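To keep things clear, I will list the structure first and then write my remarks on it.
There are 2 protein chains.
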Amino acid sequence: MGKHDHHLHDSESLHDAARNRLTDKGEQWTEMRAAVFKALAKFDRPASAYDIAEAVSKAEGRRIAANSVYRILDLFVSSNLAMRVESANAYVANQHPGCLHDCIFLICDNCGVTTHLDDDKLSGGVRQAAADAGFEASRPVIEVRGKCGDCS
Amino acid sequence: MGKHDHHLHDSESLHDAARNRLTDKGEQWTEMRAAVFKALAKFDRPASAYDIAEAVSKAEGRRIAANSVYRILDLFVSSNLAMRVESANAYVANQHPGCLHDCIFLICDNCGVTTHLDDDKLSGGVRQAAADAGFEASRPVIEVRGKCGDCS
DNA sequence: TGCCTCATGTGATATTGTAACTTCGTGCAT
DNA sequence: ATGCACGAAGTTACAATATCACATGAGGCA
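Chains as they are written, first to last, in the working numbering: chain A, 24 to 175; chain B, 24 to 175.
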């Protein structure tokens, strides 16, 4: 096998895993946070804070400010429930919170669909290259823009 | 040696190399473009379009709109005279236009100083991993946030 | 001269991101 | 019960980043 083994979550248990992860950290799992996570998880491509604010607003039937969404996204990112896609100024839900990786995003410039790889050998190589240059890596950003299989 | 060998430019000949690169492509090397390149090259860290607009405005003694700077930066990026640092929403001058690499940025979160590595083996690995996933890579983005040697 | 193209100017607007301060609810100590 | 502390969320304002549409101007060329 050699590759990392993730168990998969259906959308129900992903939600549960996210809640557990947060509560284990001593953070609360509020209605608002649940709503933001649910909205984020529904996107199959990176969603901006504003996309999410709009989705949650619609779902809740009242206006949710982007502001609040940012706060919650920051919490999610620092808790590994979500990741930020730097080259898209947007966020994706982490499909396996609990597993910690420097993940590699593949973002389709045509349809926007984004997948991600966990290749610790590659990301380790990047960290090593940085270290060799006297640089203390805290967060590698590895993203690939291009065309996905469906679009090529 | 094994590593790629770049000849270095002093700031005079870097300017020349940039001009040549652009004119060879059939593009004009205008006063404005020269001014933007010069301003960009002076920064030792990624500069936003607005930073550059301000620097050029000061140098020219008149207001340059960010707008115009974006146009020129887009041209520079597509001509390999400059690169965009995605995780900083900012740009850096390419110290060796003419050489084409998927470069790797090391961005210090403390002082902002940014260096870059050209490691074709690593970036090739990223491209290969994408290809293995059925993804046609056009532009790998490899950046490392962390602390530079001087700040650690 | 008149037309065409390209670079730039200008103003407006959209999108993304932060800051400061208020309100609300919950739990806890008095 | 009353008052306080604290975290979550609301609200407003604003800053930073990015794009769009259209006007102007200079240079080449029929």
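Quick reminder that beta carbons are idealized off the backbone N, C-alpha and C, glycines included.
Bear in mind the structure is a predicted one, so any value in this text is a computation, not a measurement.
Subject >> Straight-line Cα distance separating A:Gln118 from B:Cys122 >> reply: The alpha-carbon atoms of B:Cys122 and A:Gln118 are separated by roughly 39 Å.
Original post:
According to the neighbour-count rule (16 or more other Cβ atoms, all chains shown, within 10 Å of its Cβ), is B:Cys134 buried or exposed?
Top reply: Counting of Cβ neighbours within 10 angstroms places B:Cys134 among the exposed residues, the total staying below 16.
Subject >> Environment of A:Thr46 [buried if 16+ CB atoms lie within 10 Å] >> reply: A:Thr46 comes out exposed.
Original post:
Does any CB atom of chain A fall closer than 8 Å to the CB of B:Arg162?
Top reply: Yes, its Cβ sits closer than 8 Å to a Cβ of chain A.
**OP:** Check each residue of the stretch 107-120 of chain A: if its Cβ is closer than 7 Å to any Cβ of chain B, include it; give the result in chain order.
**Re:** Across the stretch 107-120 of chain A, CB contacts with chain B closer than 7 Å involve Glu109, Ser110, in sequence order along the chain.
**OP:** Quick one: grab the DSSP three-state call for B:Val136.
**Re:** Three-state result, B:Val136: coil.
Subject >> Selection from A:Arg85, A:Gly148, A:Phe128, A:Phe60 that minimises the alpha carbon distance to A:Asp141 >> reply: Residue A:Phe128 is the option with its Cα nearest to A:Asp141.
Subject >> Cross-chain neighbours of A:Ala152 in chain B, by beta carbon under 7 Å >> reply: Residues of chain B whose Cβ lies closer than 7 Å to the Cβ of A:Ala152 are, in chain order, Ile127, Leu140, Asp142, Leu145.
**OP:** Use the C-beta contact count for B:Tyr73: other C-beta atoms within 10 angstroms, 16 or more gives buried, fewer gives exposed.
**Re:** Under this definition B:Tyr73 is an exposed residue.
Original post:
Which same chain residues, not among the five before or five after B:Tyr93, have their C-beta less than 6 Å away from its C-beta?
Top reply: If we look at B:Tyr93 and ignore the five residues flanking it on each side, its Cβ neighbours are Ala72.
Original post:
Name the chain A residues that come within less than 9 Å of B:Ile75, Cβ to Cβ?
Top reply: Counting only Cβ-Cβ distances below 9 Å, B:Ile75 has no contacts in chain A at all, with the closest Cβ about 20 Å away.
Original post:
Can you give the beta carbon distance from A:Ala78 to A:Ala62, rounded, assuming they're within the 8 Å contact cut?
Top reply: Cβ atoms of A:Ala78 and A:Ala62 come within 8 Å of each other, at about 4 Å.
Original post:
How is A:Cys171 classed by DSSP in three states: helix, strand or coil?
Top reply: Three-state result, A:Cys171: coil.
Original post:
If B:Ala160 sits next to A:Val164, beta carbons under 8 Å apart, how far is it from one beta carbon to the other, in whole angstroms?
Top reply: Contact doesn't hold; Cβ gap of about 15 Å is too wide.
**OP:** Kindly indicate if chain A contains any beta-carbon less than 8 Å away from that of B:Ala156.
**Re:** B:Ala156 counts as touching chain A.
**OP:** Could you please give the first and the last residue of the uninterrupted alpha helix (DSSP H) stretch that includes B:Phe60?
**Re:** That run of the alpha helix (DSSP H) goes 54-65.
Subject >> Short CB-CB distance (under 8 Å) between A:Ile183 and chain B >> reply: Because chain A here runs from 24 to 175, residue 183 of chain A falls outside it and cannot be looked at.
Original post:
The beta strand (DSSP E) with B:Leu123 in it runs from where to where?
Top reply: In the DSSP assignment, B:Leu123 falls outside any beta strand (DSSP E), carrying neither H nor E.
Subject >> A:Lys26, DSSP secondary structure in three states >> reply: Caution is warranted here: a pLDDT of 44 is assigned to A:Lys26, below 50, making its placement in the model unreliable, and no coordinate value can be reported.
Original post:
Quick one: which chain B residues come within Cβ less than 7 Å of A:Gly172?
Top reply: The answer, in chain order, is Gly157, Phe158.
**OP:** Identify the continuous beta strand (DSSP E) that holds B:Leu98 and give its terminal residues.
**Re:** Careful: B:Leu98 lies outside any beta strand (DSSP E), inside the alpha helix (DSSP H) at 89-101.
Original post:
Apart from the five residues on each side of it in sequence, which residues of its chain come closer than 8 Å, Cβ to Cβ, to B:His27?
Top reply: Annotation note: pLDDT 48 at B:His27 (below 50); position unreliable, coordinate value reported separately. If we look at B:His27 and ignore the five residues flanking it on each side, its Cβ neighbours are Cys122, His124, Asp141, Asp143.
Subject >> CB-CB length for B:Gly169 against A:Arg162, believed under 8 Å >> reply: Confirmed, about 7 Å.
Subject >> Proximal residues to B:Asn112 (C-beta, below 7 Å), its chain only, five neighbours per side dropped >> reply: Correct list, in chain order: Ser71.
Subject >> DSSP state of A:Arg85 mapped onto helix, strand, coil >> reply: Three-state result, A:Arg85: coil.
**OP:** Hey, could you find the ends of the beta strand (DSSP E) B:Leu129 is sitting in?
**Re:** Element bounds for B:Leu129: 127-131.
Original post:
Per DSSP, A:Ala18 is paired with what?
Top reply: Because chain A is modelled from 24 through 175, residue 18 of chain A falls outside the range shown and cannot be assessed.
**OP:** Below 6 Å CB to CB, which residues in the same chain sit around A:Ala76 once its five sequence neighbours on both sides are set aside?
**Re:** Correct list, in chain order: Ile87, Ala89, Val92.
Original post:
Which value, in whole angstroms, describes the spacing of the CA atoms of B:Gly147 and A:Leu145?
Top reply: The straight-line gap separating the alpha-carbon atoms of B:Gly147 and A:Leu145 is approximately 10 Å.
Original post:
Looking only at C-alpha atoms, which of B:Ala152, B:Val136, B:Ser110 sits nearest to B:Ser175?
Top reply: With distances taken between Cα atoms, B:Ser175 lies closest to B:Val136.
Original post:
If you follow the beta strand (DSSP E) that B:Arg107 is part of, which residue opens it and which one closes it?
Top reply: Residues 105-108.
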